[in-house]
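Visitor:
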Amino acid sequence: METLEQTLARAAVAAPGAQLSVVKNDSPCAQHSLLVDVEHAYAVAKFLRDDPQLRLDYCSNVTGVDFLDAELSEKVKVKKVVDGVEKEVEEVKKTKRAGYLEAVYHLYSMALKHGPVILRQRTPGRADPVKVTSLTPLWRSCEFQEREVFDLYGVLFDGHPDLRRILMWDGFKDYPMRKDYAEPDDYEYEPTPHDEVLEKAKAHLPKAEVKA
Amino acid sequence: MDGTQFMTFHDLAYDAGKTDFQRKAEVIGVGREGELLEVAMGPQHPSTHGVFRMDVVLDGETVVKLKPVFGYLHRNHEKIAENTSYLGSMPYTDRLDYFCSLTNNWAYALAVEKLAGLQVPERAEYIRLITAELTRVLNHTCLAGFLLQDMGALGTPLMYAFREREKILDLFESLTGARMMCNYMRFGGCRCDLPAGWLAEARKVVAEYPKFLDEFDALLSGNEILMARTQGVGKLSAELAINAGITGPMLRASGVDYDLRKVDNYGIYSRYPFRVPLGDHGDVYDRYMIRMLEMRESLKILEPALKDIPEGPVVDPKAKLRGFRPKPGEAYGRIETPKGELGFYLISDGSPNPYRYRVRPPSLINLTILEDMCLGQTVADAVITLGSVDIVLGEVDR
Amino acid sequence: MDDGLRNELSKQGVVVVKLEELYNWGRKNSVWPLSFGLACCAIEMMAASMARYDLARFGAEVFRPSPRQADLMIVAGTVTKKMAPQVVRLYNQMPEPKYVIAMGACAISGGPFKQGYNVLKGIDRYIPVDVHIPGCPPRPEALIHAFMTLQRKIDAQKLTGPDRARHLNADLPSEFPVPLFGEHDLVPSKNPNVWRPAVVVR
Amino acid sequence: MLGTGILKGMVETAKNFAGSYHDPERLTTVEYPEQRIASKENARQFPFLVHDTEDPMQGLRCVACQICEKECPPQCIYIVKSKDKRADYKGQMQLYPVTFDIDLSVCMSCQICVEVCPFEAIKMDTEFELSNTDRFGGLLVNKHQLAKSNEHYRKIHPTEAAVSDDALAIEVAKAKAKAKADVEAKAKAAADAKAKAEAAAAAAPVGVAATAPVPKPSAPAAAPAAAPAA
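Residue numbers (our numbering), protein chains in the order written: chain A, 164 to 375; chain B, 3 to 400; chain C, 810 to 1011; chain D, 154 to 383.
(1) Helix, strand or coil for Cys-222/A, going by three-state DSSP, please let me know.
(2) Give the interface partners of Arg-181/B over in chain C, defined as CB-CB distance under 9 angstroms, in chain order.
(3) For chain C, find out if any of its Cβ atoms is closer than 8 angstroms to the Cβ of Ser-235/D; answer yes or no.
(4) Since Ala-333/B and Lys-116/B should fall inside the 8 angstroms C-beta cutoff, what is the C-beta to C-beta distance between them, to a whole number of angstroms?
(5) Along the chain, where does the alpha helix (DSSP H) containing Gly-162/D start, and where does it finish?
(6) Mark Val-361/D as exposed unless 16 or more other C-beta atoms lie within 10 angstroms of its C-beta, in which case mark it buried.
(7) Return the chain-ordered list of same chain residues with a C-beta closer than 7 angstroms to the C-beta of Asn-355/B, the five sequence neighbours on each side being excluded.
(8) Should Lys-890/C go down as buried or exposed, given a rule of 16 or more other Cβ atoms within 10 Å for buried?
(9) Measure how close the beta-carbons of Asp-318/B and Gly-190/B come, nearest whole angstrom, since I'm counting them as under 8 angstroms.
(10) Taking the alpha carbon of Ser-262/D as the point to measure from, which residue in Pro-943/C, Ile-963/C and Arg-975/C has its own alpha carbon closest?
(11) Please decide whether Tyr-221/A counts as near chain B, where near means a Cβ-Cβ distance under 8 angstroms.
(12) Could one say the Cβ of Asn-927/C lies closer than 8 angstroms to chain A's Cβ atoms, at least one of them?
(13) Taking only beta-carbon atoms, is Lys-1/B less than 8 angstroms away from chain C?
(14) Going by CA-CA distance only, name the one from His-195/A, Ala-204/A, Thr-226/A and Ala-175/A that's closest to Glu-306/A.
(15) Mind checking the segment 166 to 181 of chain D against chain C and listing, in chain order, the residues whose C-beta falls within less than 7 angstroms of any C-beta there?
(16) Tell me whether Phe-170/D is buried or exposed, calling it buried when 16 or more other Cβ atoms sit within 10 Å of its Cβ.
(17) What separation, rounded to the nearest whole angstrom, lies between the Cα atoms of Glu-254/A and Ile-270/B?
(18) Tell me, please, whether the CB atom of Ser-918/C is closer than 8 angstroms to any CB atom in chain D?
(19) Is any beta-carbon of chain C found at less than 8 angstroms from that of Ala-253/D?
(20) I need the DSSP call for Trp-1004/C, collapsed to helix, strand or coil.
(21) In the DSSP assignment, find the unbroken alpha helix (DSSP H) run with Ala-955/C in it and report its ends.
(22) Just checking my contact of Ala-893/C with Pro-842/C at CB under 8 angstroms: how many whole Å lie between their CB atoms?
(23) For Ile-309/D and Asn-303/D, I'd like the C-alpha separation in whole angstroms.
(24) Terminal residues of the continuous alpha helix (DSSP H) containing Pro-372/B?
(25) If we require 4 or more residues per run, which alpha helix (DSSP H) segments fall completely within the segment 182 to 233 of chain D?
(26) Against chain C, with Cβ distances strictly below 8 angstroms, would Ala-366/A count as a contact?
(27) Curious, which full-length alpha helix (DSSP H) runs of at least 4 residues does the segment 84 to 122 of chain B contain?
(28) Could you say which of Cys-945/C, Glu-950/C, Ala-955/C and Ile-936/C lies nearest to Gln-264/D if we only look at CA atoms?
(29) Assuming contact is defined by CB atoms lying nearer than 8 angstroms, are Glu-184/D and Arg-948/C in contact in what I supplied?
(30) For the segment 344 to 359 of chain B against the segment 147 to 155 of chain B, do three or more pairs of beta-carbon atoms, one drawn from each stretch, fall closer than 8 angstroms, so that the two count as touching?
(31) Comparing C-alpha positions only, which one of Gly-913/C, Arg-861/C and Gly-970/C sits nearest to Ala-955/C?
(32) State yes or no: is the beta carbon of His-76/B nearer than 8 angstroms to at least one beta carbon in chain A?
(33) For the segment 322 to 337 of chain B, enumerate the residues whose C-beta is nearer than 9 angstroms to any C-beta of chain A, in chain order.
(34) Judging by CA-CA distance, which residue of Asp-288/B, Arg-138/B, Ser-365/B and Ile-349/B is the nearest neighbour of Glu-166/B?
(35) Please tell me whether Ile-220/D has its Cβ less than 8 angstroms away from any Cβ of chain A.
(36) At 7 angstroms on the CB atoms, spell out the chain E contacts of Pro-226/D, in chain order.
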């Protein structure tokens, strides 16, 4: 199977205008992924499915990931002139990163028995509405999984035929898998509380007993 | 909708300019007018294998629309796992597909081993293979019982299946301490070594199992009522099965040769020759037969594996039990569980808890085409079609 | 009639029983459970009714799929917030006298999943529970043990008096309000008439 | 011929039915509570705390390190540490749990508390007959209900208990050897100091010798070790 860089180069030709990049994965399994912009996701995915060399006919896993606003600290080697001598000094560079939501697709080929090729779509920010392109028209297997991502992360999928809540009830307003989801306060009886739960449980105790 | 090769209810349903009934009529090829009846089957229904619900629209007895409704057992496994350590999620994986806790353990352990680059000692690989194949036999036995229960064969096949299940559960209990929720595998191996005499017991169970399979075959496989009820029912074509991401015995019943034990070669499956049974018609009967045949193949793997198992450690000495923090990165690990491809997608940010923990549930994705399989059939056939998909709600809703 | 006299009579071949005893003896030996599985524990519940453990020995093999014919609801598994209204509705549909066994950690308190956003922290927030079985899942024997506990409870129930059994006391409710789906949680999140938690100061 | 499949199946069930009168393979029912399935050695239900001495509260091995409390996946353990210390089985001064509660209505019998415990203090029991009509009183168990003797542990898990006892015996032996070495070292140091002081006293005016260190009796090492017989 070709490398992800080769795939990227050919996909860029097949879907002109697509902004593609490789997201490196540092873990030992080295499953790098292909980041594609939301507008061209459909064209790129179609290329991945239909290309005779790849034939990624099987979309195994679709999932959402929530990244909060974060401050990244990076160690950068900077050349500095210290006491008249040029030296390489490590500096911690801090950058602010706006939060975003991702939809991740794991693609395999049943015909050629290879994979995975990982495709990512990223939303510009976390403020609603967050939109990506649905790949359900290409792979039916995305149907329920994209609904699940919509239900739990609140990501809207453009072109999904039946985008409703799947796991929670219809009147539910929150997106519970987001990292900043706050649970309803329901900590009346917590005999073995810890940390956060302890604080929440204390709020439910009768006032006199808190003093004691 | 370009790009879709298959006419499904969705494609039509979202074409404009037709009445609802016209669309339904086009899908199932009926033109006659009649009153439609909406039935909500489940969540408390004896044939839905737990708390699954199907909203079925019936024209007489014919299914014209079927919408599965999920979430009645959505117990937030993923959210809880993101607030727990890597080790702490292991017992929760038992409760995904509660028939096959050991294969769930393996899938999760495999994903974490990929994430952290751990090696598994030889003996542990053997134990994993043996327990996973025993789990497969156990699951398929119970499925045959439940499928027959759905068909109206109340009692007998399920009783026989549970009788055999208890034998394997006894093995699991003496190995892991629990009947169902084994919590046995660890990152880089297994929790403890085999107890004395376990191998002999396992060999005995494996040696006697074909007798039970023969009995089951004689009881069921040639039974004319079973054939009449299942053959030609719930057909699924190979193309649609691939496109809809169906995995496991259901995919192979449609004739697609895709078994992760052969494709991914995880564990030590490459050392044992076994055949992958393939179906021809993709109907309920094929799905039933595939499972009967798979059990025999599993026994063929088990027999030599129980002889070959070497001595040695059962866990990678480098693997830490507490304070396990993989380096930042991500990994997707998958194995062939009795239900299909169970995958775990993990993102680590270097902290003791996974940043993202995702289960790719075979049961949920195998239900994607439930509507396509049931359209135009009677409601009684919809029940057995669902039974042949082999779902466990713990995994569907997580 | 005191026990000494009864013993004496039974030695003479005259068996004397109170109506209460006869009534309770009949009830406790024909408790029909609702065939109602929620999650993992349901499999152990089935195993209990299968050949090896054989719940039929206690007169409880008739698992009824309809709540109208059932006396006992075995809440076997995690009750999620999405499922809770249905469970309460099923309970309401059961005729009196009715009993509830909360089988397994999840049914009692939410168990290992109680931190989850969609998991009800115990079915006793909405309906009264008679017997609790800890375990995850409890062994089939543990279910049988709970069954015997329930039989003892039925045996001890009175026909008359202020502490008579609930189904004979018209003042006590036999149906409980069904919670509704809210925007963030069930509404109400508990029934204060049923759920009276102990205060644990930490 | 149509119907042969059904007949074959009926022969199978007939065999089973007949067999259930004489064939031990077919007699599967275990009539609980009169008969019981023999408990497996590895079987686990709920945790208990191991104690070594006659008085359960004095001999608890638990040192309230709170590792299990932290690692317990459903967070069903609650521990309060003691303010004072007491000697443990090898004579070291350790904390002990003032409160040790386990909420059985939450515990999922996963055994992780046992695995992470470095002191062999918490183990899994095989008791399962715990059904209770009292939700709040019956299922929250405290350390008095949890404490069970090491003999009980040896009875339910003989192999495991032997391993655990060996490990503890090694620990105790190490502790004893260390204590002995400490005493010897201290005695030697004291002797050296004394010799020095005497030498100094011979040279210096009387009174300085009083500053020489006096060897203290090592209290922890002398305490009787409540060690289990390995």
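Ideal placement from N, C-alpha and C gives every residue a C-beta, glycine not left out.
Guide: So, from the data block:
(1) strand
(2) Glu-853, Ala-856, Pro-946, Arg-948 and Pro-949
(3) no
(4) Contact flag correct, Cβ pair sits at about 4 angstroms.
(5) 157 to 172
(6) Only weak support is given to the placement of Val-361/D: the predicted model assigns it a pLDDT of 45, under 50, and the value that follows is read from those uncertain coordinates. Classification of Val-361/D: exposed, given that the 10 Å Cβ count is below 16.
(7) Hits under 7 angstroms: Glu-84, Asn-85, Thr-86 and Ser-87.
(8) buried
(9) 3 angstroms
(10) Pro-943/C
(11) yes
(12) yes
(13) This structure cannot speak to residue 1/B, because chain B is shown only from 3 to 400.
(14) Thr-226/A
(15) Thr-181
(16) exposed
(17) 47 angstroms
(18) yes
(19) Note that residue 253/D corresponds to Phe in the displayed sequence, not to Ala. No, its Cβ sits nowhere closer than 8 angstroms to a Cβ of chain C.
(20) coil
(21) Counting along the chain, the alpha helix (DSSP H) containing Ala-955/C begins and ends at 949 to 964.
(22) The pair is not a contact, with the Cβ atoms about 20 angstroms apart (cut-off 8 angstroms).
(23) 10 angstroms
(24) Per the sequence presented here, residue 372/B reads as Leu, with Pro not at that position. Unbroken alpha helix (DSSP H) run through Leu-372/B: 372 to 376.
(25) If we require 4 residues or more, the alpha helix (DSSP H) runs fully inside the segment 182 to 233 of chain D come out as 220 to 224.
(26) no
(27) 92 to 96 and 103 to 118
(28) Cys-945/C
(29) no
(30) no
(31) Gly-913/C
(32) At least one chain A Cβ lies under 8 angstroms of His-76/B.
(33) Of all residues in the segment 322 to 337 of chain B, only Pro-328, Lys-329, Pro-330, Gly-331, Glu-332, Ala-333, Tyr-334, Gly-335 and Arg-336 place a beta-carbon less than 9 angstroms from a beta-carbon of chain A.
(34) Arg-138/B
(35) It does not: the Cβ of Ile-220/D has no partner Cβ on chain A nearer than 8 angstroms.
(36) No chain E appears in this structure, whose protein chains are A, B, C and D.
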